[in-house]
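Taken in sequence, the protein lines are chains H and X.
Residue numbers for the first sequence follow the numbering used here, so the first one is 1 and each next one is one higher.
Residue numbers for the second sequence follow the numbering used here, so the first one is 1 and each next one is one higher.
Glycine included, every Cβ here is placed at the ideal spot set by N, Cα and C.
Note that the structure is a prediction, hence the values are computed from the model and not measured.
Just below is one structure, and these are the notes that go with it.
2 protein chains.
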Amino acid sequence: MTITMQQIAEKTGVSRITVSRALNNRSRISQETRRKILKEARRLNYRPNAVAKALAMKKTHTIGLVVPDITNPFVAEITKHVEDRAAVGDYSLIMCVTNNSLKKEDASIRSLMDRRVDGIIINHPQSNAQSQCIRQLKQEKFPFVLIGTIDGMETDYVMVDLAEGAYQAVSHLIRQGHKRIAYVRGGNGRLRLMGYKKALAEHGLGFDEELVVRCGPGLKDGAEAAGKILAMQDRPTAIFALNDFLAMGVMDALKAANLNVPEDMALVGFDDVLLASRLSVPLTTIAQPMEQIGKLAVEILMKKIEKPTHEPWQVMLKPQLVIRESCGAKSQQSSQENT
Amino acid sequence: MTITMQQIAEKTGVSRITVSRALNNRSRISQETRRKILKEARRLNYRPNAVAKALAMKKTHTIGLVVPDITNPFVAEITKHVEDRAAVGDYSLIMCVTNNSLKKEDASIRSLMDRRVDGIIINHPQSNAQSQCIRQLKQEKFPFVLIGTIDGMETDYVMVDLAEGAYQAVSHLIRQGHKRIAYVRGGNGRLRLMGYKKALAEHGLGFDEELVVRCGPGLKDGAEAAGKILAMQDRPTAIFALNDFLAMGVMDALKAANLNVPEDMALVGFDDVLLASRLSVPLTTIAQPMEQIGKLAVEILMKKIEKPTHEPWQVMLKPQLVIRESCGAKSQQSSQENT
DNA sequence: AATGATTGCGAACACGTGTACGCAGAAATT
DNA sequence: AATTTCTGCGTACACGTGTTCGCAATCATT
Chain H
1 MTITMQQIAE
11 KTGVSRITVS
21 RALNNRSRIS
31 QETRRKILKE
41 ARRLNYRPNA
51 VAKALAMKKT
61 HTIGLVVPDI
71 TNPFVAEITK
81 HVEDRAAVGD
91 YSLIMCVTNN
101 SLKKEDASIR
111 SLMDRRVDGI
121 IINHPQSNAQ
131 SQCIRQLKQE
141 KFPFVLIGTI
151 DGMETDYVMV
161 DLAEGAYQAV
171 SHLIRQGHKR
181 IAYVRGGNGR
191 LRLMGYKKAL
201 AEHGLGFDEE
211 LVVRCGPGLK
221 DGAEAAGKIL
231 AMQDRPTAIF
241 ALNDFLAMGV
251 MDALKAANLN
261 VPEDMALVGF
271 DDVLLASRLS
281 VPLTTIAQPM
291 EQIGKLAVEI
301 LMKKIEKPTH
311 EPWQVMLKPQ
321 LVIRESCGAK
331 SQQSSQENT
Chain X
1 MTITMQQIAE
11 KTGVSRITVS
21 RALNNRSRIS
31 QETRRKILKE
41 ARRLNYRPNA
51 VAKALAMKKT
61 HTIGLVVPDI
71 TNPFVAEITK
81 HVEDRAAVGD
91 YSLIMCVTNN
101 SLKKEDASIR
111 SLMDRRVDGI
121 IINHPQSNAQ
131 SQCIRQLKQE
141 KFPFVLIGTI
151 DGMETDYVMV
161 DLAEGAYQAV
171 SHLIRQGHKR
181 IAYVRGGNGR
191 LRLMGYKKAL
201 AEHGLGFDEE
211 LVVRCGPGLK
221 DGAEAAGKIL
231 AMQDRPTAIF
241 ALNDFLAMGV
251 MDALKAANLN
261 VPEDMALVGF
271 DDVLLASRLS
281 VPLTTIAQPM
291 EQIGKLAVEI
301 LMKKIEKPTH
311 EPWQVMLKPQ
321 LVIRESCGAK
331 SQQSSQENT
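In structure tokens:
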């Protein structure tokens, strides 16, 4: 049985209210009784019931985090920083994993709302602007921040200029002499597609719809996409992958086909995951500032929790090309950076 | 402003209690009024307040998960399965990251208790048997399950026979002809040390204390440990690392020293992380059944939540040697297994 | 010394829900 | 027709906390 204020009150011969005052360091109480109460609370090892407090204060000191897949190192790293920043701000984190399912994302958000979390961070939302759930969040002015964006919806967000990143990646491949560059697009990848197209256009290369291959989010999906690319009649000489995770899948497929990177096929990823530099062929990729993303998401959310009606805070961060070996260029930086 | 039962009651002209009965599908209510109430609840988009419910029922439908480092792929994978199984059982997950700090672990557990989670899973506990916090958990019969164990404390747990795994790993290295095998022990690694010693003893090799190198949990720590090993006068020819993560650090250092794996130095890891097979030199390692670990931890916890006084459930799982290239033996399985 | 301000405390209500009980009226039993 | 059971609903209390009052007693002010 756990200790309540009532019990401390009875032991010390005062009312529960007075106990509350002592514990919350309020005024209108004598030093004497305060000391007596604190001593007794300490002796009984009293711990306030956060649930009751949450109900009374209409504040749970909890934020929800919705992620597509925690085993994706990019997601994991951001999650780490989110948790870290939240802990500093005295918030706990309820984490929901959606496995890239829109349905689960909806259910997760609903559950978080029911739990009355103070705010929600949605990492890589699956939802679109028609999504009932997100619209409700917005309409009720429930504090939430996206990592990424939802097309056609004005929200708080922190994101990375993905189009710019893709532009850099593809431009770099073009500078290496590649003319047919496939794009393993994954499920979404619309913004990167824009950068991809822009790079092609600027260098006078035509856009070939066939070179854009859609696929699921798993390693196997990446391998499968690579298989399709290898089977093309006029086989591309380079592949740009939606993210490092898919790039690894592509590598698997290339290896299985006995092709070498970058000689037989150049490859560029996206994210600069901790392990990108440690793969069999160190991966050229686009680095995203994961720590900043995580921290900013929490900080914006905290602002929004304080002022739910404030107009959206929106942060756009810059990605950066990291040249290693998988693209065929000489490595510019030894990049042994991360912990 | 959110909808409450009271408001539905007023709209439909009944008491709040009747609303409760209708929503919870209780008896002692006419079909007529039930339908009327449900209709109104639907219209108003009523969502029960989980905080209030938790207070009344003394049940939060939430479990706490304490992990040392979510960016460690091994931890992330287990976390995924924990979340998954918890979601199926209609539990939400509050995640706390300790960064391998005992102090933070304590604070996390305290916070979870304050929040009245229904139970706690502690992945790789830092605490020892003297830890005040854990002892309190146990004394109060607060449901908790360890992934791993705490020496000298009888608790519920699911763990892998780490000694057996280490035994397999080191035995394998010995079979490859290695006689001086270093052990990058990391911070804890006591059980693996037993397996390490057993393998040496069984093959008539002496134990050399110097070959056991302690270090922190990060990639850099692994590299540092490798540096010490390389500096030894009678340099070892093989390294057994506490886990794949540290093994990657070791690889970094070897590469920096221009040494090849496995020719100049054989290497075996532990965990069989998703990426072990994709490193520059595919890593021989000890596979742990991560999905089983995560699921069982939740299932045991759920049992414990139902019967807090039941004697501890304890599960010991078997690890498995996965031979790739870093040990110098021929790969037995192509191991393209994981998703 | 009479008045006003301040201090120390408790009563009462609020937060949103679940549940044991009581009490009418209707239905079923004698 | 009188009694018992059952149905449908509301009253009252509980969960553990925060907060607004009001009321004495004490202190400071004139």
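- Per DSSP, reduced to three states, the secondary structure at residue 94(H) is strand.
- Residue range 244-256 is occupied by the alpha helix (DSSP H) that includes residue 245(X).
- Ranked by Cα distance from residue 73(X), the options 131(X), 246(X), 211(X) and 226(X) are led by 246(X).
- Note that the C-beta distance between residue 109(X) and residue 137(X) is below 9 Å.
- A straight line joining the alpha-carbon of residue 216(H) with that of residue 309(H) spans about 37 Å.
- Going by beta carbons, residue 195(X) and residue 225(X) fall outside the 9 Å limit.
- Relative to residue 182(H), the option among 239(H), 129(H) and 191(H) whose CA is nearest is 239(H).
- Within chain X, the residues whose beta carbon sits less than 7 Å from that of residue 49(H) are 116, listed in sequence order.
- Your pair residue 319(H) and residue 288(H) checks out as a contact, with CB atoms roughly 6 Å apart and the cut at 8 Å.
- No Cβ of chain X is located within less than 9 Å of the beta carbon of residue 106(H).
- Residue burial is scored here from C-beta neighbours: residue 101(H) has fewer than 16 other C-beta atoms within 10 angstroms and is therefore classed as exposed.
- Within the segment 27-54 of chain X, the residues whose Cβ lies closer than 7 Å to any Cβ of chain H are, in chain order, 47, 48, 49, 50, 51, 52 and 54.
- Per DSSP, reduced to three states, the secondary structure at residue 149(H) is coil, with no helix or strand assignment.
- Taking the CA atoms as reference points, residue 131(H) sits about 10 Å from residue 103(H).
- Contacts between residue 330(H) and chain X, judged by CB atoms closer than 7 Å, are missing: the closest CB pair is about 17 Å apart.
- Contact with chain X is found for residue 77(H), since one of that chain's Cβ atoms lies less than 9 Å from the residue's Cβ.
- Looking at the backbone, the Cα of residue 228(H) and that of residue 236(H) are separated by about 11 Å.
- One Cα belongs to residue 321(X), the other to residue 177(H), and the distance between them is close to 44 Å.
- When C-beta atoms of the segment 261-268 of chain X are compared with those of the segment 157-175 of chain X, three or more pairs fall below 8 Å, so the two segments count as touching.
- For residue 79(H), the uninterrupted alpha helix (DSSP H) run begins and ends at 73-88, by DSSP.
- Not a single CB atom of chain H sits nearer than 9 Å to the CB of residue 215(X).
- Collapsing the DSSP output to three states places residue 241(X) in a strand.
- In terms of Cβ geometry, residue 294(X) and residue 78(X) form a close pair [threshold 9 Å].
- Per the coordinates, the alpha-carbon of residue 50(X) lies some 17 Å from the alpha-carbon of residue 113(X).
- Listed along chain H are 278, 279, 280, 281 and 282, each with a C-beta nearer than 8 Å to that of residue 280(X).
- For residue 298(H), the enclosing alpha helix (DSSP H) begins and ends at 290-306.
- Following the DSSP letters along the chain, one finds residue 110(X) inside the alpha helix (DSSP H) bounded by residues 102-114.
- Across the segment 67-96 of chain X, CB contacts with chain H closer than 8 Å involve 69, 70, 71, 73, 76, 77, 79, 80, 83, 84, 87, 92, 93, 94, 95 and 96, in sequence order along the chain.
- The three-state secondary structure of residue 196(H), taken from DSSP, is helix.
- Residue 317(H) has 160(H) as its beta-bridge partners, per DSSP.
- According to the DSSP secondary-structure assignment, residue 213(X) is paired through a beta bridge with 184(X).
- By DSSP's assignment, residue 66(X) forms a beta bridge with 96(X) and 122(X).
- In this structure, DSSP gives residue 129(X) a state outside helix and strand, which the three-state scheme calls coil.
- In this structure residue 207(X) is exposed. Its beta-carbon is surrounded by fewer than 16 other beta-carbon atoms within 10 angstroms.
- Residue 60(X) belongs to the set of residues whose beta carbon lies under 9 Å from a beta carbon in chain H.
- In this chain, the alpha helix (DSSP H) harbouring residue 51(X) covers 50-57.
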